[in-house]
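Chemist: Okay, so the sequence shown: first residue is 17 according to the working numbering, each after it adds one. Where is the CB? At the ideal position from N, CA and C, for every residue including glycine. Predicted model, so just to flag it, every value in this text is computed and none were measured. Sending over a structure as structure tokens; questions will come in a sec.
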Amino acid sequence: MTPWDSLVRGSNSSSGQSASFYLTGIPGYENVQPFISIPFCAFYLTAIVGNCTILHIIHTDNSLHEPMYYFLAMLSLTDMVLSLFRVLWSISREIQFNTCVVQMFFIHTFSFTESSVLLAMALDQYVAICHPLRYATILTPALITKIGTAALLRSAFAMIPLLARLAFFPFCRSHILSHSYCLHQDMIQLACADTKFNVIYGLVLITVLWGMDSLGIFVSYVFILHSVLRISSQEGRFKALSTCVSHICAVLILYVPMIGLSIVHRFAKHSPPLIHIFMAHIYLLVPPVLNPVIYSVKTKQIRQGVLRLLFPPKIGSTVM
Numbered sequence: 017m018t019p020w021d022s023l024v025r026g027s028n029s030s031s032g033q034s035a036s037f038y039l040t041g042i043p044g045y046e047n048v049q050p051f052i053s054i055p056f057c058a059f060y061l062t063a064i065v066g067n068c069t070i071l072h073i074i075h076t077d078n079s080l081h082e083p084m085y086y087f088l089a090m091l092s093l094t095d096m097v098l099s100l101f102r103v104l105w106s107i108s109r110e111i112q113f114n115t116c117v118v119q120m121f122f123i124h125t126f127s128f129t130e131s132s133v134l135l136a137m138a139l140d141q142y143v144a145i146c147h148p149l150r151y152a153t154i155l156t157p158a159l160i161t162k163i164g165t166a167a168l169l170r171s172a173f174a175m176i177p178l179l180a181r182l183a184f185f186p187f188c189r190s191h192i193l194s195h196s197y198c199l200h201q202d203m204i205q206l207a208c209a210d211t212k213f214n215v216i217y218g219l220v221l222i223t224v225l226w227g228m229d230s231l232g233i234f235v236s237y238v239f240i241l242h243s244v245l246r247i248s249s250q251e252g253r254f255k256a257l258s259t260c261v262s263h264i265c266a267v268l269i270l271y272v273p274m275i276g277l278s279i280v281h282r283f284a285k286h287s288p289p290l291i292h293i294f295m296a297h298i299y300l301l302v303p304p305v306l307n308p309v310i311y312s313v314k315t316k317q318i319r320q321g322v323l324r325l326l327f328p329p330k331i332g333s334t335v336m
């Protein structure tokens, strides 16, 4: 028996809100985990700073007050919240049940919200390419606000029944979670109760929400591709498709780790712990870090805004 097992042996039988859980770092590397945490913290700090930079540029530059950049601001805000809730409540190994559920709620809610925002961005691309003359009249600020609010409320309300049932579960098995943060599919494996509702509801939730969003994104790009192929010049087709590259990359870096983590939890339960931990960190680390980089590199206006922040023009300078 390891010292870590001895630590939690006395709390192996508890229920609901009285339970404490223990987050897992990287098994076998406990002695060097303080050093391992440094690059992870650096990545999350990069994610927070990068997304704050995107939000600042969009807020301060009036020329970016357009539907495309409003949706990009929603994406950056979602990524920043995910990073904050991942870091702030995972500093200590021990975490109380209520705190774990709250962290779980925000992580899952904003993951689903990010998927909905990517769907909204796909619709934005569709309107911009297929109906450019009606772009401003279709995507009004009022409609954009409603889309953002609906995306957040849909994800939040969908999670409430799933997490509310956790308060009634007894946890008589090990209280050691498989990751360094709280996930629903991880916690229900420790419950000594009938978790069939949570398992089925979780699968339905993922299928419906991700399924609807991914289907909407796919259909949008079918229409976009159909419209682009009707452009006579090759340069025009290339220019139209190049505006979609950033969004396609954002979709891939969200959905691929998300699907991979779900598959590992449901169909590879007996795989080495390092695989679970590796997939879990990619799931929350990659999108917040890479999205600001992708949009800063591929979007001219954002790139110029970043350069202005890094190299501000000298006040009072004159051209000689």
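What residue does the alpha helix (DSSP H) around Q205 start on, and which one ends it?
Modeler: Run containing Q205: none; DSSP gives neither H nor E here.
Chemist: Please go through the same chain and pick out, in chain order, the residues whose beta-carbon is closer than 6 Å to the beta-carbon of A172, but skip the five residues on each side of it.
Modeler: T125
Chemist: Spell out a yes or no on whether the stretch 169 to 189 and the stretch 150 to 159 are touching, meaning 3 or more CB-CB pairs, one atom from each, closer than 8 Å.
Modeler: no
Chemist: Tell me where the alpha helix (DSSP H) around I176 begins and ends.
Modeler: 157 to 180
Chemist: Give me, in chain order, the residues of the same chain whose beta-carbon lies closer than 7 Å to that of G164; leave out the 5 immediate sequence neighbours on both sides.
Modeler: M90
Chemist: Contact check, G66 vs P308 under 8 Å by CB: the rounded distance?
Modeler: 3 Å
Chemist: For L80 and I74, I'd like the C-alpha separation in whole angstroms.
Modeler: 6 Å
Chemist: List the endpoints of the continuous alpha helix (DSSP H) containing E251.
Modeler: Per DSSP, E251 belongs to the alpha helix (DSSP H) from 250 to 258.
Chemist: State buried or exposed for G218, treating a residue as buried only when at least 16 other CB atoms are found within 10 Å of its CB.
Modeler: buried
Chemist: Can you look up E110 in the DSSP assignment and give me helix, strand or coil?
Modeler: strand
Chemist: Taking the straight line between their C-alpha atoms, what separation do you get for S27 and L206?
Modeler: Model confidence at S27 stands at a pLDDT of 46, short of 50, so the residue's coordinates are unreliable and nothing is read from them.
Chemist: Is the distance from the Cβ of I70 to the Cβ of H195 below 8 Å?
Modeler: no
Chemist: Whole angstroms are fine: how far does the CA of C260 sit from the CA of V322?
Modeler: 21 Å
Chemist: How would you call E337, buried or exposed, if buried means at least 16 neighbouring beta carbons within 10 angstroms?
Modeler: The structure shown does not extend to residue 337, since the chain is modelled only from 17 through 336, so no value can be given for it.
Chemist: Output yes or no for whether 8 Å exceeds the beta carbon distance between V244 and A256.
Modeler: yes
Chemist: Can you grab the Cα-Cα spacing for the pair I123 / K316, in whole Å?
Modeler: 31 Å
Chemist: At what residue ranges does the stretch 34 to 103 contain a whole run of the alpha helix (DSSP H), taking only runs of 4 or more?
Modeler: 49 to 76
Chemist: Report yes or no: do the stretch 124 to 139 and the stretch 224 to 240 share at least 3 C-beta pairs separated by less than 8 Å?
Modeler: yes
Chemist: Skipping 5 residues on each side, what residues in its chain have a beta carbon closer than 7 Å to that of I318?
Modeler: I70, I73, Y311, S312
Chemist: At what residues does the alpha helix (DSSP H) containing H191 begin and finish?
Modeler: That residue, H191, is in no alpha helix (DSSP H); it is neither H nor E in DSSP.
Chemist: Just to confirm my understanding: we take A144, look at its own chain, exclude 5 residues before and 5 after, and list those with CB closer than 6 Å. What are they?
Modeler: Y151
Chemist: For the alpha helix (DSSP H) containing F213, name the first residue and the last one.
Modeler: Counting along the chain, the unbroken alpha helix (DSSP H) around F213 starts and ends at 212 to 245.
Chemist: In three-state DSSP terms, what is T115?
Modeler: helix
Chemist: Using the C-alpha atoms, what's the distance from D210 back to C68?
Modeler: The alpha-carbon atoms of C68 and D210 are separated by roughly 43 Å.
Chemist: What do you get for Q250, buried or exposed, if any count of 16 or more other CB atoms within 10 angstroms of its CB means buried?
Modeler: Q250 is exposed by the Cβ-count criterion.
Chemist: For N214, count neighbouring Cβ atoms within 10 angstroms of its own Cβ and tell me buried if that reaches 16, exposed if not.
Modeler: buried
Chemist: Can you check whether the CB of Y142 is closer than 8 Å to the CB of I247?
Modeler: no
Chemist: Just how far apart, CA to CA, sit Q119 and L149?
Modeler: 43 Å
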